[in-house]
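Everything on this sheet refers to the single structure shown next.
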Amino acid sequence: SSHFDRSLDVYGIKLVASGAVGGNEAVPDEWVYKTARVVQLLLDKEALGIDQAAQERAISILSGAEGTFHAGIPTSQRISYGGGDSYSPNPLSDDGRRLWEGLEAFNDSHAVDDMVWYRNVSSPNPPQGDNDIGELMEHILHTIHTFGLRGAADGSLAALNPNDSDSKLQLALREAVDSGTFGLDGYGGSLDRDPEYTNSVIVKEYLYLLTFGMWGYSTFWENETLAPEWADSARTPEGVLASNPLGYRLFNDYIAPVLSKPDIATLRSIFQDNDQGDSGYIWDTTESAFIDIIVDKGVLGADAVMLKNLSETTLMNGETLLRQGLEYQGQEFNYATIASLITIVTKNGTFTTEFQSEIEDAFPEYAALSYQDAVSLVGISGIDDALISVAGVDGTFVS
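Each residue of the sequence shown is one higher than the last, beginning at 491 in the working numbering.
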């Protein structure tokens with residue numbers, strides 16, 4: 491749209507940032523990178539306790555992948571400067587949305603929730619690092635809680651359904667209200683006053699507060715408290731367990747397997763007072779290759795078979811492997827789900843390290859054999875059978 495002039499895709503979320511428009515300054519690139527880095531830290535596949543398959547599903551859900559609950563409507567996080575009234579017209583107003591060219595169409599075609607504000611008009615000036623962390627984390631969590639968690643962990647599609655009054659989410663929310671853990675003074679005073687408001691707004695605020703309590707993140711709140719909105723007694727996992735046990739279980743069953751807790755010191759190094767601190771954002775890179783694989787016996791037939799010239803795509807973030815996929819007969823497969831069924835023999839015409847080890851184990855004298863040398867030895871017509879035989883020397887075709 492004419493309001494946003496930059497975008498950055500990170501883990502299923504399209505970040506879009508406002509330019510120098512509507513009488514306002516542009517959001518700095520570094521703030522966009524800091525936002526992206528927070529998303530990376532929240533969806534860290536290597537973090538303790540993460541169910542990597544569930545987290546990958548969350549990223550697919552955020553991207554609006556086929557078969558997810560908002561399929562075809564990818565998630566976006568909007569990032570702007572100050573507040574809605576900092577722009578003329580206000581892009582959050584009914585009239586403003588229509589007056590900004592393409593903005594209403596963008597909002598309608600994406601799953602969007604809160605704004606992330608750079609230098610929020612209600613925040614301290616000059617900026618304070620902890621306040622920036624609290625503000626940004628709240629709104630990023632709203633986005634991921636709302637558009638990324640349902641369907642990620644087993645059972646979560648039903649458990650986290652905000653529109654089902656008997657869902658585990660709704661039951662945990664009501665328990666938190668009844669126990670005085672979550673105060674509704676700022677939300678109309680009742681869960682029953684406006685069901686639509688409860689299911690869309692109060693639910694997401696509860697999940698954010700529950701997450702901060704379970705992570706012990708009250709340090710990012712002014713004077714380390716949000717009471718009476720969230721009881722001081724529930725600022726720790728032990729406190730949540732005591733006053734909101736259904737919330738404690740909900741978090742551990744459906745949120746903790748997917749969302750990783752960013753280290754407080756890391757966040758404070760990124761968000762320092764007066765806009766200091768480096769984002770530490772690492773760009774994702776994609777590598778493509780053609781591979782030959784051996785598929786174990788009993789998968790595509792009674793015998794092991796060689797499949798040639800498959801397309802492999804690897805997504806990396808620095809040295810961290812995010813996803814490795816391969817295409818077979820027009821269908822994309824996640825390597826992690828089929829690794830036990832295949833051995834990758836060559837990549838771009840060169841033996842993989844994995845298969846080179848197979849050769850060395852079976853025939854030590856040929857440890858340094860190249861693929862081209864192997865073809866010269868046995869001929870192009872016999873190479874596939876020869877390599878399958880090598881793979882099966884140890885009694886199994888998949889290492």
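Don't be surprised by glycine CBs; every beta carbon is placed ideally from N, CA and C.
Taking residue 769 as the centre and dropping the five residues before and after it, the same chain places the C-beta of 520, 523, 524, 526, 527 and 760 closer than 8 Å to its C-beta, in chain order.
Between the beta-carbon of residue 764 and that of residue 616 there is about 4 Å, and that keeps the pair under the 8 Å contact cut. Apart from sequence neighbours up to five positions away, the residues of its chain that approach residue 576 with a beta-carbon distance below 7 Å are 514 and 611, ordered along the chain. A distance below 6 Å between beta-carbons, with the five flanking residues on each side excluded, links residue 544 to the following residues of its chain, in chain order: 642, 643, 747 and 748.
Counting every other CB atom within 10 Å of its CB across the protein chains shown gives residue 883 a total below 16, marking it as exposed. In the DSSP assignment, residue 621 falls within the alpha helix (DSSP H) that extends over 619-638. Shown here for residue 800: same chain residues with a beta carbon closer than 8 Å to its own, the five before and five after excluded, namely 780, 781, 782, 783, 816, 817 and 818 in chain order. Checking the DSSP bridge columns, you'll see residue 500 partnered with 503. Here the segment 560-572 makes contact with the segment 594-602; the two share three or more CB pairs at distances below 8 Å. Counting along the chain, residue 748 sits inside no beta strand (DSSP E), nor does DSSP assign it H or E at all. Spanning the alpha carbons of residue 766 and residue 860 requires a straight line of approximately 52 Å. Secondary structure note for residue 827: its alpha helix (DSSP H) is the uninterrupted segment 825-828.
Around the beta carbon of residue 591, fewer than 16 other beta carbons lie within 10 angstroms, which makes this residue exposed. For residue 779, the enclosing beta strand (DSSP E) begins and ends at 774-785. Minimum Cα-Cα distance from residue 559 among the listed residues 697, 841 and 646 corresponds to 646. In the three-state reduction of the DSSP assignment, residue 601 falls in the strand class, which pools E and B.
Contact between the segment 705-712 and the segment 684-695 is not established, with fewer than three Cβ pairs separated by less than 8 Å.
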